[in-house]
Amino acid sequence: MEKHYSDETFLARWISGDLSKEELEAFKKSKDYEAFKNINKGSQKLMVPEFNKDTALRKIKNELHIDKEDKKVVKFVPNWVYVVAAILVIAIGIFNFVQSESHYNTGFGEQLTVTLPDNTKVQLNARSHLDFNPKTWEDQREVRLNGEAFFDVVKGTTFKVLTHVGVVEVLGTEFNVIAAQNYFEVQCHEGRVKVKSKTTKAVTLTPGKALRVVNSEKQEWTFTELKPSWLQGETTFREAPLVRVIKALEDQFKITFDASKVDTTQKFTGGFPHKNLKTALKLVFTPLNISYIIKDENKIILVSKDNK
């Protein structure tokens, strides 16, 4: 192999189409061009992002019709070159795949409004993550969510919110989704929403209807709010497990709780403001007969008064 083309920068620029016209013409005339062309072609058949070096090498060698048992074949390019080149091609492919995604994140106590390619509006609550692929948006309106978000979906083809605990499917509507560990909640504010969790059958929600699935247990209720309360700076709950309330407090105030001495499955109905931690703690834990000790700026210990 010519030394000039062993430079991974050169190969990377060739794969991404960034070579100059002169460089490309010179490369095509080299004795290595066909080999690398077949390597690139073979790599396209590999699955992304999983990559097995041995499997890739076998596939590439098959593309080049290299037979290890045929001792008459003279190898002008050593095996390590194929491995390096294949890894390089796949790494670039993975990079391009990741780069094609649009990712949005919020930190502690932060909110963010995201406008999707079809002008659908998504408002992310604290400590939430949203991503989608703009390149395939016209054919497939899908987003992936971890955390909480309010959606105002423009009418059109089917719109899906994919989470690790369930899927929300609509045509055009307003709804709120919470996707957390063993917790899935959807509130329909406008239109119709089809909801399916990993452990329950599909349910269609109409305006004012809500569905919650906690550890495979389903709960449905009605509400009257036109918008989620967290958009106005206050988080509210209706018979929510305390573990969910604690998580919401942690996300808003960048704190952690030691809840080992309380029953986190007990239900809470009420709310807390986003701007005042002391007020929030009082409003949540006093009705539940739970005392709290602020150990330092970021850690709070909970103790049930009934167990004292």
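In the working numbering, the protein residues as written are 939 to 1246. Yeah, the Cβ is synthetic: ideal placement off N, Cα and C, and Gly gets one too. Fair warning: this is a prediction, and the values are worked out from it, not measured in the lab.
| Query | Result |
| --- | --- |
| Can you tell which of P1179, A1218, T1224, F1088 has the C-alpha that lies nearest to the C-alpha of F1191? | A1218 |
| Would you mind listing the beta strand (DSSP E) stretches within the stretch 1131-1182 that are 3+ residues and don't spill past its ends, in chain order? | 1131-1135, 1141-1143, 1147-1152, 1155-1160, 1172-1179 |
| Using alpha carbons as the reference points, say which of F1175, E1188, V1183 lies closest to T1207. | F1175 |
| Taking the alpha carbon of H1067 as the point to measure from, which residue in V1092, S1040, T1096 has its own alpha carbon closest? | S1040 |
| Using a Cβ distance threshold of 8 Å, determine whether the stretch 1164-1180 contacts the stretch 1192-1203, with at least three qualifying pairs required. | yes |
| For K1216, count neighbouring C-beta atoms within 10 Å of its own C-beta (all shown protein chains included) and say buried if the count is 16 or more, exposed if not. | exposed |
| If we ignore side chains and look at the alpha-carbon of each, how far apart do Q1170 and P1211 end up? | 9 Å |
| Hey, out of P1225, A1087, P1055, K1233, whose CA is closest to Q1049's CA? | A1087 |
| Over what stretch of residues does the alpha helix (DSSP H) that includes E1235 continue unbroken? | Run containing E1235: none; DSSP gives neither H nor E here. |
| May I ask you to list the residues that DSSP assigns as paired with P1072? | Its beta-bridge partners do not exist; DSSP assigns none. |
| Count the other CB atoms within 10 Å of the CB of I1238; is the residue buried (16 or more) or exposed (fewer)? | buried |
| Identify which residue in I1184, Q1125, T1096, S1167 has its Cα closest to the Cα of Q1157. | Q1125 |
| Tell me whether the beta-carbon of T1138 lies closer than 7 Å to the beta-carbon of V1151. | yes |
| Of the choices N1057, L1083, A1186, whose alpha-carbon is the least far from that of V1091? | N1057 |
| Please classify Q1190: does DSSP put it in a helix, a strand, or coil? | helix |
| Per DSSP, what kind of secondary structure is A1064 in: helix, strand or coil? | coil |
| When you compare the CB positions of L1083 and T1095, do they come within less than 7 Å of one another, or not? | no |
| Taking the beta carbon of P1225 as the centre, do at least 16 other beta carbons fall within 10 Å, making it buried, or is it exposed? | exposed |
| To the nearest angstrom, how far is the alpha carbon of E1163 from that of N1071? | 32 Å |
| Who are the Cβ neighbours of S1229 in its own chain at under 6 Å, not counting the five residues just before and after it? | V1241, K1243 |
| DSSP state of T1095, grouped into three classes? | coil |
| Which class does E1123 belong to by DSSP, given the choice of helix, strand or coil? | strand |
| For I1231, count the other beta carbons within 10 Å of its own beta carbon; 16 or more makes it buried, fewer makes it exposed. Which is it? | exposed |
| Can you find a heavy atom of the ligand NAP that lies under 6 Å from the Cβ of R1065? | Ligands are entirely absent from the displayed structure, and the ligand NAP is therefore not among its contents. |
| Beta strand (DSSP E) containing L1083: first to last residue? | 1079-1090 |
| To which residues does DSSP link F1206 through a beta bridge? | A1178 |
| Taking Cβ positions, are V1108 and F1122 nearer each other than 7 Å? | no |
| So R1079 and K1098 are supposed to be a Cβ contact under 8 Å. How far apart are they, rounded? | 7 Å |
| With V1105 as the anchor, note down where its beta strand (DSSP E) starts and where it stops. | 1104-1108 |
| Between the Cα of V1105 and the Cα atoms of I1116, K1185, T1111, which residue gives the shortest distance? | I1116 |
| Taking L1215 as part of the alpha helix (DSSP H), name the residues at either end of that continuous run. | 1215-1223 |
| Is L957 helix, strand or coil by DSSP? | coil |
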